[in-house]
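Engineer:
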Amino acid sequence: MRRRHLAHLFLMPAALLFVAPLVWMVLTAFMPDSDINTYPPKLWPEHFTTAGFTRIFTEDDYPLWLANTVIVAVAAVAGHVVLCSLAGYGFARLSFRGRGLTFGALMATIMVPTQVLMIPTFLLFKNMGLIDTLGAAIVPWLASAFGVFLMRQFFLSLPKELEEAATIDGCSRLGVFFRVVLPLARPALATLVVFTLLGAWNDLLWPLIAISSEDSYTLQLGLATFSGARHTEWSALMAGNVVAVLPLVAAFVLAQRHFVATMSFSGLKG
Numbered sequence: 001m002r003r004r005h006l007a008h009l010f011l012m013p014a015a016l017l018f019v020a021p022l023v024w025m026v027l028t029a030f031m032p033d034s035d036i037n038t039y040p041p042k043l044w045p046e047h048f049t050t051a052g053f054t055r056i057f058t059e060d061d062y063p064l065w066l067a068n069t070v071i072v073a074v075a076a077v078a079g080h081v082v083l084c085s086l087a088g089y090g091f092a093r094l095s096f097r098g099r100g101l102t103f104g105a106l107m108a109t110i111m112v113p114t115q116v117l118m119i120p121t122f123l124l125f126k127n128m129g130l131i132d133t134l135g136a137a138i139v140p141w142l143a144s145a146f147g148v149f150l151m152r153q154f155f156l157s158l159p160k161e162l163e164e165a166a167t168i169d170g171c172s173r174l175g176v177f178f179r180v181v182l183p184l185a186r187p188a189l190a191t192l193v194v195f196t197l198l199g200a201w202n203d204l205l206w207p208l209i210a211i212s213s214e215d216s217y218t219l220q221l222g223l224a225t226f227s228g229a230r231h232t233e234w235s236a237l238m239a240g241n242v243v244a245v246l247p248l249v250a251a252f253v254l255a256q257r258h259f260v261a262t263m264s265f266s267g268l269k270g
């Protein structure tokens with residue numbers, strides 16, 4: 001008990017340290033430009049204003065950027081849930097020639113820096129006609145090696161007896177997967193959804209290279225237009241960031257209890 005109190009004594013200041021930038025961002029979103037541009041910077045607005053929020057929703061294409069990001073995020077989450085779970089189950093349960101070599105090659109791609117793949121990916125997408133379209137931001141997020149690895153490791157923790165019992169009852173391989181295995185994998189799927197949502201929602205580098213039309217801008221790409229070399233519209237930028245962060249915070253709060261379960265789930269109850 002004493003160790004737990006000591007841990008909390010250390011974690012509480014650390015938590016405040018991480019929360020402080022988020023709180024400052026929210027307060028800055030309600031500051032007028034006159035307060036934001038003063039030196040030293042003010043930690044509390046003297047006059048609360050919603051001019052930044054009004055600006056992003058009335059004068060800019062922020063709603064369009066937000067809608068594009070939602071489309072990318074939903075497609076990314078759906079692709080990861082379906083493709084990564086199927087691939088992970090195949091590597092965990094199916095026996096086929098070259099399974100170990102194929103899985104090793106897939107895991108090796110995690111060590112390849114993303115920047116190395118930018119030019120080949122751009123040329124590939126150009127030949128496919130996806131450059132400067134929303135599809136350019138969607139396709140790279142349909143699956144990932146990390147997602148396959150996460151689901152495979154979780155499926156390996158499930159006892160095979162559950163699947164064998166379903167097979168004896170007449171379930172096919174896909175029936176076992178969708179009716180028995182996938183419902184038990186909800187903690188791993190929740191974790192995969194959160195990580196995928198974070199990555200797809202906050203992606204800036206690849207859309208910055210592949211998309212130039214404002215109609216196809218994602219949220220992060222659109223927010224970058226508020227910051228220039230000589231002038232930054234801080235109130236609009238912070239207001240846009242506040243709106244952009246809210247779905248991520250909500251997703252984390254809803255799925256945080258599944259993180260530990262993903263690592264410790266045994267497949268047995270009682």
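UniProt numbering puts the sequence shown at residues 1 to 270. The C-beta atom is built at its ideal place from N, Cα and C for all residues, glycine as well.
Could you work out which residue in 166, 150, 227 and 218 is closest to residue 194 when comparing CA atoms only?
Structural biologist: Of the listed residues, the one whose Cα sits closest to residue 194 is 150.
Engineer: Please state whether the Cβ-Cβ distance between residue 202 and residue 25 is less than 8 Å.
Structural biologist: Taking 8 Å as the Cβ cut-off, residue 202 and residue 25 do not qualify as a contacting pair.
Engineer: Give the secondary structure of residue 20 by DSSP, where H, G and I count as helix, E and B as strand, and everything else as coil.
Structural biologist: Here residue 20 sits in helix by DSSP.
Engineer: Evaluate residue 105 with the Cβ neighbour count: other Cβ atoms within 10 Å of its Cβ, from every protein chain shown; 16 or more gives buried, anything less gives exposed.
Structural biologist: Under this definition residue 105 is an exposed residue.
Engineer: Tell me which same chain residues have a C-beta within less than 7 Å of the C-beta of residue 208, skipping the five on either side of it?
Structural biologist: Counting only Cβ-Cβ distances below 7 Å, and skipping sequence neighbours, we find 221.
Engineer: Could you say which of 92, 217 and 238 lies nearest to residue 227 if we only look at CA atoms?
Structural biologist: When only C-alpha atoms are compared, the closest one is 238.
Engineer: Whole angstroms is fine: what's the gap from residue 60's alpha carbon to residue 225's?
Structural biologist: Those two C-alpha atoms are separated by around 10 Å.
Engineer: Could you check the C-alpha separation between residue 28 and residue 18 for me, to the nearest Å?
Structural biologist: Whole-angstrom Cα-Cα distance: 17 Å.
Engineer: With distances taken from CA atoms, which of 121, 157, 70 and 170 is nearest residue 245?
Structural biologist: With distances taken between Cα atoms, residue 245 lies closest to 70.
Engineer: Checking the sheet assignment: what are the DSSP bridge partners for residue 227?
Structural biologist: 232, per the DSSP bridge assignment.
Engineer: Tell me the rounded alpha-carbon separation between residue 229 and residue 223.
Structural biologist: Residue confidence is low: residue 229 scores 49 on pLDDT, short of 50, so the model does not pin down where it sits. No coordinate-derived value is stated.
Engineer: So what does DSSP say about residue 272, is it helix, strand or coil?
Structural biologist: The first residue shown for the chain is 1 and the last is 270, placing residue 272 beyond what the model contains.
Engineer: How about the stretch 115–122 and the stretch 174–194: do they share at least three Cβ pairs that are nearer than 8 Å?
Structural biologist: Judged by Cβ distances under 8 Å, the stretch 115–122 makes no contact with the stretch 174–194, as fewer than three pairs qualify.
Engineer: Between which two residues does the alpha helix (DSSP H) holding residue 187 run?
Structural biologist: Where residue 187 is concerned, the enclosing alpha helix (DSSP H) stretches over 186–202.
Engineer: Secondary structure at residue 31, three-state DSSP: helix, strand or coil?
Structural biologist: Coil at residue 31, not helix or strand.
Engineer: Decide if the stretch 70–80 is in contact with the stretch 121–141; the criterion is three or more beta carbon pairs, one per stretch, under 8 Å apart.
Structural biologist: Yes, the stretch 70–80 is in contact with the stretch 121–141.
Engineer: Using 10 angstroms around the beta-carbon of residue 37, count the other beta-carbons present and answer buried if the total reaches 16, otherwise exposed.
Structural biologist: Its Cβ having fewer than 16 others within 10 Å, residue 37 is exposed.
Engineer: Let me know if residue 13 comes out buried or exposed under the rule of 16 or more other beta-carbons within 10 Å of its beta-carbon.
Structural biologist: That one is exposed.
Engineer: Exposed or buried, residue 53, counting other C-beta atoms within 10 Å across all chains shown (16 or more means buried)?
Structural biologist: Per the 10 Å Cβ criterion, buried.
Engineer: Answer yes if the stretch 88–96 comes into contact with the stretch 148–164, meaning at least three C-beta pairs across the two stretches below 8 Å, and no otherwise.
Structural biologist: A contact exists between the stretch 148–164 and the stretch 88–96.
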